[in-house]
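Below: one structure, written as structure tokens.
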Amino acid sequence: MANLLDGKKAADEVKAELKNEIEELKEDNIIPGLAAVLVGENPASKIYVNSKAKQCKKIGIHSEVICRPDDISHDDLIRLVVDLNKRDDIHGILVQEPLPQQINKLDLNLQINPYKDVDGFHPENLGRILIGEPLFLTCTPYGILELLRRNDISLNGKDVVILGRSNIVGKPLAAMIMQKWPETNGTVTVCHTGTKDISKHTKKADVVVCAMGIAEYLKDYMIKDDAIVIDVGINRIDDPEADKGYRLVGDVDFESCEKKCSWITPVPGGVGPMTIAMLLYNTVKACKLIKRITD
């Protein structure tokens, strides 16, 4: 039976540490500020943004949720971001995805001040990760690495297979793991829609990170004994026996893989809480960086 990588417990530890740092900043009349921009009426996005705001409040970060209609023009959204760049009380800016079709995401990310890019999506910050000189690490990959670190799991010398090549998880995580940092320095394989036989790779992996968006894709026969399994996915599947008529599952078949691997993240309660924790971490870091620049 696998050990659980408890993301909620680790996230609570991160937030407790941040709360102490924020108390120290407040002694100098400095309060970290985060602006979350929500475009449209996507119910999941609303829940996620409000959850971020709630976590900010708990540890003393000032947060603002700025809502705009889904027919907002690209130029108007850019103007909003530019205005947030100018505000001294806002140290972090995030624009919640998904975004409507008329918004050019690359152009939007380019407009965010790299020193306020707490999601880590600005091309400058992604490039800095690639060369091993990060300003902000992308939140979900950072959350994965921090969760492993807090459980004394190093990736040094390990074969790591990542399922999925998104700009949010797969690509930045691969770039981080290959760095010669204390807890990384692993050998990375990224599998995607062009990979002919995914299980051929996962069966050899010491660590499998599943970020495909396919419910319960990874089965026990696809991993080796004592593998470490990280489940980034969250999917809603119908379940007539559940109170709400559905249940949340990851990209990993937890029931089968749990019996074979050494460590595994649950869904929910694994990577998700760590993603938000590292967003808060980046916001406090941004506040300190901006303070240092303006002093």
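In this text, residue positions in the sequence shown follow the numbering used here: the first is 473, and each later residue adds one. All C-beta atoms in this analysis are idealised placements derived from N, C-alpha and C, irrespective of residue type, glycine included.
query                                                                                                     : result
First through last residue of the alpha helix (DSSP H) which encompasses His546                           : 546-558
Beta-bridge pairing of Thr661 - partner residues as DSSP gives them                                       : Val633
Validate contact between the stretch 533-543 and the stretch 501-512 using beta carbons, cut 8 Å, 3 pairs : yes
Through-space distance from Glu489 to Lys481, alpha-carbon basis                                          : 13 Å
Simplified DSSP state of Lys603, which is helix, strand or coil                                           : The sequence given here has Ile at residue 603, not Lys. DSSP places Ile603 in coil when its eight states are reduced to three.
For Ile765 and Asp560, the rounded distance between their alpha carbons                                   : 12 Å
C-alpha gap between Gly532 and Glu495, whole angstroms                                                    : 8 Å
CB contact flag (Gly636, Val743, <9 Å)                                                                    : no
DSSP three-state assignment for Asn576, whether helix, strand or coil                                     : coil
His673 in three-state terms, based on DSSP                                                                : helix
Residue range of the unbroken alpha helix (DSSP H) whose run includes Arg621                              : 611-621
Buried or exposed (CB count within 10 angstroms, at least 16 for buried), Leu578                          : exposed
Endpoints, the beta strand (DSSP E) within which Ala507 is located                                        : 505-511
Short Cβ contact (9 Å threshold) for Val641 with Val679                                                   : no
Through-space distance from Pro570 to Asn514, alpha-carbon basis                                          : 8 Å
Inter-stretch contact (C-beta, 8 Å, three-pair minimum) for the stretch 663-674 and the stretch 717-724   : no
Ser734 in three-state terms, based on DSSP                                                                : coil
Pairwise C-alpha distance: Leu477 and Ile736                                                              : 6 Å
Beta-carbon separation (whole angstroms), Glu655 vs Arg621, contact threshold 8 Å                         : 5 Å
Stretch pair the stretch 722-733 + the stretch 696-714: three plus CB contacts closer than 8 Å            : yes
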